[in-house]
Amino acid sequence: MKKTIYLFIAAVAMVSCGSSYKAQDVVLNDMQDSVNFALGYVNGAMLKMQQLQEDSSDAVIAEFIDALQRGYDGKVEELSEAASLGKNLGMAVKSFEKGGLAENKTWQLNEKMLFQGMVNGMSGDTTVMKSEDAKQYFQSQYQASMMASDSVPAGKAIRAKCPTKVKTVELKNFTDSINYAFGLMNGSDIKMYVLASDSTGEEQTAFINQVNKTLKMNVINPQLMNMGEQIGKTIKEQEASGLIGEPKLETRFALIKQGFINGMKGHDTQFDQQTAGEYIQNTINNLKYGDTKGEGESFLEANKLKEGVIVTESGLQYEVLTMGKGPKPQATDKVKVHYHGTLIDGTVFDSSVERGEPTSFGLNQVISGWTEGLQLMPVGSKFRFYIPQELGYGSRATGKIPPYSTLIFDVELLEIEK
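According to this note's numbering, the sequence shown holds residues 12 to 429 in order.
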């Protein structure tokens, strides 16, 4: 298993920021349209919240959408593992040019020292600093900087190309030292986990070439653009097996893309983040478990005609197996019961009877079918409840209970606890 490289991984490619993407309402003709649009929207809204705090300009959004399209179209360059890592690390360093070394805004980025440390680390050179010393130094300084109350923003980044050869450098100040240490510890890890079998040095050369190629790219938000490419690529790869891995959902990429735009721009006239997420989940549950819901409804329709079955206004059905003579609990009471729960096919999903130990709970802490049903029972009673899915767990899967399941419980009310 490969160890995580310290540099933040953010793979991107050249972008075209000439596109103009507008938030707008779309025509949703059917469930397929709606779920594709909602999927884009909920992810766009998440990106807005997590990635666009400092810059939510049209140019940044266009950069992401162009990358999304490029990933979906298969126009992302295929690279070897080492070259791909070089591209990722190059983009990570580009993000440091604005955010400071390792996203620490108080640390000035010195690419000359960082890259020389990385090359020395990949080559196993310990003349200036050892790898373990570099890691301990970096970690201790990072922790100290997080605790400092008098932090001062870093100066302008010092930019440079990644060299190809080992070189002994002089560390004249803190900026030199922290950048070199950061580069050295990453280079050492790259050598160990990515370049271990690179006997000719070709992969190291490919890595360095990609770092330098990436540094020349004109990118506003490297991390966000990488996400665009990877998300677009993932959508395309999953297309054959169904959107979000659901075979009954087809991919309609134009609607996904518009959903992203609307979500990133906060255009919520058709969906907001919560309703979009709920719609997606409910749609998937209906596709996967619609038969469960229908079978439960058919069961209840037939069951209510059975002799001895009583149906309440809410739709709860119950039979009295034994009628007790004690008081009835209120919704705010705590009760002790024995119960045995099954699905309509007889599958046991929970049973205090089988465990041989009754359980206690507040009536306002359980599913509504239980809250209602137990208030009908005098202490000492035993009832059988037939609980519709909307009075049970609804669209939620719980343990052995699939979404939309009708539940059957035999419940014996032992006492109302004080």
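Glycine included, each C-beta is placed from N, C-alpha and C at the ideal position. Source: prediction; values computed, not measured.
Start-to-end residues for the beta strand (DSSP E) that takes in residue i
i       : result
Arg-395 : 393–398
Asp-361 : 359–362
Tyr-350 : 345–354
Tyr-329 : 328–333
Ile-427 : 418–428
Ser-371 : 370–373
N-terminal and C-terminal residue of the alpha helix (DSSP H) that residue i is part of
i       : result
Leu-266 : 264–276
Ile-291 : 284–314
Gly-337 : Looking at the DSSP string, Gly-337 is not in any alpha helix (DSSP H), and its letter there is neither H nor E.
Asp-69  : 69–83
Leu-195 : 185–204
Pro-233 : 233–249
Trp-381 : 379–385
Asn-99  : 92–110
Val-53  : 42–62
Cβ distance (whole Å) where residue i is taken to contact residue j below 8 Å
i       : j       : result
Leu-327 : Gly-270 : At roughly 39 Å, the Cβ-Cβ gap does not stay under 8 Å, so Leu-327 and Gly-270 are not in contact.
Met-388 : Lys-347 : In fact, because the Cβ distance is near 12 Å, the residues do not count as touching under 8 Å.
Ser-134 : Val-177 : 5 Å
Ser-371 : His-349 : Actually they do not touch by this definition, with Cβ atoms about 11 Å apart.
Thr-211 : Met-42  : That belief does not hold up - the Cβ atoms of Thr-211 and Met-42 are roughly 55 Å apart, past 8 Å.
Gly-410 : Ile-267 : Actually they are not in contact, since the Cβ atoms of Gly-410 and Ile-267 sit about 33 Å apart, beyond 8 Å.
Beta-carbon contacts of residue i that lie in its chain and below 8 Å, excluding the five residues immediately before and after
i       : result
Ile-412 : Leu-354, Phe-360, Gly-403, Tyr-404, Leu-418
Tyr-329 : Val-320, Ile-321, Thr-323, Gly-384, Leu-387, Phe-394, Arg-395, Phe-396, Tyr-397
Ser-156 : Asn-115, Thr-117, Trp-118, Ser-162
Residue i versus the options, residue with shortest Cα-Cα distance
i       : options                            : result
Ile-274 : Asp-69, Val-53, Gln-119, Gln-386   : According to the sequence provided, residue 274 is Gly. The question's Ile does not apply to it. The shortest C-alpha separation from Gly-274 is found at Val-53.
Asn-197 : Gly-132, Glu-65, Thr-358, Asn-375  : Gly-132
Ala-78  : Ile-246, Phe-218, Thr-303          : Ile-246
Thr-175 : Phe-218, Thr-137, Lys-146          : Phe-218
Thr-303 : Asn-115, Ile-295, Tyr-415, Ser-406 : Tyr-415
Tyr-153 : Lys-268, Gln-284, Asn-115          : Asn-115
Gln-221 : Tyr-300, Ala-155, Cys-173, Val-139 : Cys-173
Pro-399 : Val-377, Phe-310, Gln-341          : Phe-310
Leu-125 : Ile-169, Val-163, Leu-90           : Ile-169
Ala-165 : Lys-202, Tyr-148, Leu-112          : Leu-112
Ser-406 : Glu-122, Gln-376, Gln-292          : Gln-292
Asp-66  : Leu-235, Asp-279, Lys-317          : Leu-235
Asp-69  : Ile-231, Ala-159, Lys-109, Leu-90  : Ile-231
Gln-249 : Asn-237, Met-238, Phe-264          : Phe-264
Thr-225 : Leu-90, Val-377, Tyr-148           : Leu-90
Other residues of its chain near residue i: CB distance less than 6 Å, five sequence neighbours each side excluded
i       : result
Gly-288 : Val-53
Gly-128 : Tyr-191, Gly-194, Leu-195
Asp-344 : Leu-374, Ile-427
Gln-284 : Val-53, Ala-56
Gly-253 : Leu-260
7 Å CB neighbourhood of residue i in its chain, flanking five on each side removed
i       : result
Val-87  : Ala-24, Arg-81, Glu-240, Lys-244
Ala-408 : Pro-414
Glu-312 : none
Near the ligand MN: residue i beta-carbon under 6 Å from a heavy atom
i      : result
Val-87 : Among the components of this structure there are no ligands whatsoever, and the ligand MN is therefore not found.
Taking contact to mean at least 3 C-beta pairs separated by less than 8 Å, is the stretch 59–67 in contact with the stretch 185–199?
-> no
Spell out a yes or no on whether the stretch 73–84 and the stretch 199–210 are touching, meaning 3 or more CB-CB pairs, one atom from each, closer than 8 Å.
-> no
Three or more beta-carbon pairs under 8 Å between the stretch 254–267 and the stretch 86–100, yes or no?
-> no
Taking one C-beta from the stretch 386–401 and one from the stretch 331–338 each time, how about it: are there three or more such pairs within less than 8 Å?
-> Taking 8 Å as the limit for Cβ pairs, the verdict is that the stretch 331–338 does touch the stretch 386–401.
Segment contact, 8 Å Cβ cut-off, at least three pairs: the stretch 33–53 with the stretch 275–295 | As far as the Cβ criterion goes, the stretch 33–53 touches the stretch 275–295, which means the pair count is three or higher.
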